[in-house]
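Remarks on the structure that follows.
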């Protein structure tokens, strides 16, 4: 089954304790992206990757890091989490080729609470 | 920059009512337009899309038409069901072949039996 898998689904942690949210896709997609969802703001892009070893900032990258060492994996790293990073996070992937309007496939989300 | 504006929610309707969720956009060039749906506890799923002016996207009884003259992509359904209760997001990708999605703020829809 084609899917994007995120782990963990839920995490409560404390300020300053490094954490990693993993994301893996089994569709051989080149493009992967992280979004955060906050009430009234919709989803905003944090970082994206066009292919292995190619990453770039989205609209709200401060406080986050990513890596793309393998095509299927795109972990999101919070080196020193703060309460304003409490949010619902989504990983997504899509093909790069095939014309306009390639749909993105989303994981089920990770709810992070930073105390 | 590119942006998407959706009608404010939440929206509450009775089963079999007609649904419209308004969406307008600001973008340079010719964006691709999407509606995504988020059911409780799940990620976003593509509902429908349109990639050029006057295209109509449709799926599961939902429709939306790409109107370049009014920069709109309103979502409609003739007869909603309780199972349509979800959060709906209008979104666009900015230029041909680009993947970055710009989302509206989402509209929560509740259908009462």
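Protein chains in written order, with my numbering: chain A, 1 to 115; chain B, 1 to 113.
We put the CB at the ideal spot given by N, CA and C, even for glycine.
Residue i - DSSP class collapsed to helix/strand/coil
i	result
residue 82 of chain B	helix
residue 26 of chain A	coil
residue 99 of chain B	coil
residue 85 of chain A	helix
residue 106 of chain A	strand
residue 24 of chain B	strand
residue 72 of chain A	coil
Beta carbon proximity, residue i to chain B, threshold 7 Å
i	result
residue 103 of chain A	yes
residue 108 of chain A	yes
residue 74 of chain A	no
residue 43 of chain A	yes
residue 10 of chain A	no
residue 64 of chain A	no
residue 40 of chain A	yes
Within-7 Å CB hit, residue i to chain A
i	result
residue 103 of chain B	yes
residue 57 of chain B	no
residue 81 of chain B	no
residue 106 of chain B	yes
Selection from the options that minimises the alpha carbon distance to residue i
i	options	result
residue 7 of chain B	A:22, A:41, A:27	A:41
residue 28 of chain A	A:59, A:86, A:70	A:70
residue 4 of chain B	B:112, B:106, B:69, B:110	B:106
residue 46 of chain A	A:63, A:2, A:111	A:63
Return the residues of the segment 25 to 51 of chain B that lie within a Cβ-Cβ distance of less than 9 Å from chain A, sorted by chain order. 30, 31, 32, 33, 34, 36, 38, 41, 42, 43, 44, 45, 46, 49, 50, 51
The segment 6 to 24 of chain B contacting the segment 10 to 17 of chain A, beta-carbon criterion three pairs below 8 Å: no
Along the segment 73 to 96 of chain A, where does the CB come closer than 9 Å to a CB of chain B? Name the residues. 90, 91, 92, 94, 95, 96
Between the segment 86 to 96 of chain A and the segment 26 to 34 of chain B, do three or more beta carbon pairs fall short of 8 Å? no
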